[in-house]
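Chains as they are written, first to last, in this note's numbering: chain A, 7 to 137; chain B, 19 to 162. C-beta atoms are modelled at their ideal positions from N, C-alpha and C, and glycine is treated no differently.
Here it is, written out as structure tokens:
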């Protein structure tokens with residue numbers, strides 16, 4: 007019984023990571039959609055997206071973003087069934103890290119030391135708020 | 019510290035609106051599923067929620083948020099704008115503390131201060147830095 011509870015918690019933590027991964031990608035897709043399509047991507051990814059007919063229009067990215075977001079809501083609701091809010095809430099702020107990484111890699115946004123410092127402060131803040 | 023760049027008013031208004039809408043979504047969502055037992059399955063929770071008017075308030079705010087957010091992202095970096103939404107944690111905490119008459123604990127205050135500090139650091143970075151195709155489409159000139 008106790009073992010089952012522990013494995014459910016581990017599953018819950020894994021689900022948080024999946025949910026944050028999905029949310030970060032949802033945000034990335036919305037950004038690409040809002041910026042008028044794959045032209046906003048860094049060169050290697052831009053060429054790849056522009057080659058594909060479907061990914062070359064901004065509306066595809068908006069639809070993709072919304073779809074991922076809806077998926078994320080379901081994932082997050084499942085997480086809250088498995089984990090305590092005090093654990094899930096600070097872990098949810100991992101999406102700020104995910105977004106910063108994706109923006110840097112795929113969009114070439116300047117995520118420098120100051121921006122990282124901001125993200126770290128926010129994560130630390132959510133941990134304290136949940137204590 | 020990077021030099022402070024003037025953030026366009028439309029971006030500021032969009033971000034403030036995003037925080038307000040985020041707060042409305044979270045509070046109304048909470049009220050829509052209030053009283054649903056944690057043991058209820060996902061489907062049961064959804065079925066109970068759709069009979070609650072707060073669910074429709076949450077959905078309306080969600081759609082409004084989508085259009086607002088797309089407008090913000092058209093002008094600002096995602097890695098710049100998104101961290102600001104952490105301020106909605108503070109507004110939600112404030113509202114739930116007030117409505118549930120909870121006491122504000124010192125650890126929560128430290129958390130609030132850290133989030134403010136984090137958002138301050140983000141606000142000191144340039145709001146739009148993404149790479150733009152140069153002389154391929156001709157729309158890279160409006161930047162600056």
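Between the alpha carbons of residue 99 (chain A) and residue 30 (chain B) lies a gap of roughly 22 Å. Of the residues A:19, A:9 and A:72, the one whose Cα lies closest to the Cα of residue 90 (chain A) is A:19. For residue 86 (chain B), the secondary structure class from DSSP, reduced to helix, strand or coil, is helix. Excluding five sequence positions before and after residue 98 (chain B), the CB atoms of its chain that fall closer than 6 Å to its own CB belong to 145, given in chain order. Note on residue 112 (chain B): under 16 other CB atoms within 10 angstroms of its CB, so exposed under the neighbour-count rule. Of B:47, B:107, B:24 and B:131, the smallest CA-CA separation from residue 79 (chain B) is found for B:47. If only uninterrupted alpha helix (DSSP H) runs of at least 4 residues are considered, those enclosed by the region 40-78 of chain B are 60-67. Using a Cβ-Cβ cut-off of 8 Å, residue 132 (chain A) counts as an interface residue toward chain B, since at least one Cβ of chain B sits closer than that to its own. With a threshold of 8 Å between beta carbons, residue 25 (chain A) makes no contact with chain B. The CB of residue 32 (chain A) never comes closer than 9 Å to any CB in chain B; the least such distance is about 11 Å. Residue 130 (chain B) reaches chain A at 131, 134 and 135, counting residues in chain order whose Cβ is nearer than 9 Å. With contacts defined by Cβ atoms closer than 8 Å, residue 97 (chain A) and residue 22 (chain A) form a contacting pair. Annotation: the continuous alpha helix (DSSP H) that includes residue 81 (chain A) extends over 64-88. About 6 Å separates the Cβ atoms of residue 77 (chain A) and residue 28 (chain A), confirming a contact at the 8 Å cut-off. Between the C-alpha atoms of residue 95 (chain B) and residue 75 (chain A) there is a straight-line separation of about 19 Å. Residue-level contact check: residue 97 (chain B) touches chain A, since one or more beta carbons of chain A fall below 8 Å from its beta carbon.
Per DSSP, the continuous alpha helix (DSSP H) segment holding residue 125 (chain A) begins and ends at 119-136. Closest in alpha carbon position to residue 74 (chain B), among B:43, B:133 and B:59, is B:43. Of B:109, B:128, B:148 and B:136, the smallest CA-CA separation from residue 38 (chain B) is found for B:109.
Nearest C-alpha to residue 116 (chain B) among B:28, B:140, B:36 and B:45: B:45. Taking 8 Å as the CB threshold, residue 144 (chain B) lines the interface with chain A.
For residue 76 (chain B), there are no neighbours in chain A by C-beta distance under 9 Å, as the nearest C-beta there is about 10 Å away.
Between the alpha carbons of residue 124 (chain A) and residue 141 (chain B) lies a gap of roughly 9 Å.
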